[in-house]
Amino acid sequence: MKGKSILSEGKQIQLATELVRLGARLQVLEASTTLSRERLVKLYKEVKGASPPKGMLPYSEDWFTGWQPNMHSSLFINIYNYITRYTKVRDIDAIIKSYQLYLEHIEANRLQRILSFTRAWTLVRFVESKVLSVTSCVKCTGNFLVHSLDIQSNHVCGLCHVPSRAGKTKRVAQEARAAQEAGAGELCVI
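In terms of the numbering used here, the sequence shown has 71 at position 83, counting the first letter as 1, and numbering is strictly consecutive.
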């Protein structure tokens, strides 16, 4: 009978802890580690100080094609594709590294975080299963997420053709007023 490796279990606990800190839901932890559900719930409570949220994971690929989510999702998937293409980092480690870089970009540019870790994990699954794909914009040549079944030959991204209501939320208006009052100039509203 083969015994469990303490070192292997320690690595799994370390991975689960990092995932919880990044905001991963319990279902992501279960899919990404070999720890039991009971241990994951206990670990989640210890790290977050609360029980994990209940309910289903986000499952609609349509969320990723809305204007603002598409900009953030496209940024993330481009980081992910770069990491997996030019390094030896793979699987959940590639998602973690990509998400950390996404968060750094968001923080450095003082943007609102739109993409949660769980959505980023789901996005990678959608791209790998070819539900979503990446295509180039014909105007700026940037790479953006689209439905795989959409016609992609003349794709114009949401930055080159901003929808008329894009970024017109109460929060954005309040931030713009606050920035104007503080003399900070214009805010980027991706």
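All residues carry an ideal CB built from backbone N, CA and C; glycine is no exception.
- Apart from the 5 residues on each side of it in sequence, Ser39 sits with its Cβ closer than 8 Å to the Cβ of Val29, Tyr32 and Lys33 in its chain, given in chain order.
- Between Ile67 and Leu89, the C-beta spacing is below 8 Å.
- With 16 or more other CB atoms across the displayed protein chains lying within 10 angstroms of its CB, Ala12 is buried.
- A residue is called buried once 16 or more other Cβ atoms fall within 10 Å of its Cβ, and Ser62 is buried on that count.
- If you draw a straight line from the Cα of Leu137 to the Cα of Pro151, it comes to about 22 Å.
- Taking all protein chains in view, the Cβ of His60 is crowded by 16 or more other Cβ atoms within 10 Å, so the residue is classified as buried.
- Distance from the CA atom of Ile94 to the CA atom of Asn58, rounded to whole angstroms, is 14 Å.
- Here Gln140 has Thr123 and Val134 as same chain residues with Cβ atoms under 7 Å from its own Cβ, once five neighbours each way along the sequence are excluded.
- Three or more Cβ pairs closer than 8 Å define a contact, and the stretch 114 to 132 falls short of that threshold against the stretch 20 to 28.
- Here Val29 carries a helix assignment [DSSP, helix/strand/coil].
- In this structure Leu10 touches Ile84 by the C-beta definition: roughly 7 Å separates them, less than 8 Å.
- By the Cβ-count criterion, Ile65 is buried, with 16 or more other Cβ atoms from all chains shown falling within 10 Å of its own Cβ.
- The beta carbon of Asn131 sits closer than 6 Å to the beta carbons of Asn66, Val122 and Ser124 from its chain, once the five residues preceding and following it are set aside; these are given in chain order.
- DSSP places Asn131 outside any alpha helix (DSSP H); the residue lies instead in the beta strand (DSSP E), whose first and last residues are Asn131 to His135.
- Of the candidates Thr129, Val35, Leu147 and Lys42, the residue whose Cα lies closest to the Cα of Leu14 is Lys42.
- According to the DSSP assignment, Thr123 belongs to the beta strand (DSSP E) that extends over Leu120 to Ser124.
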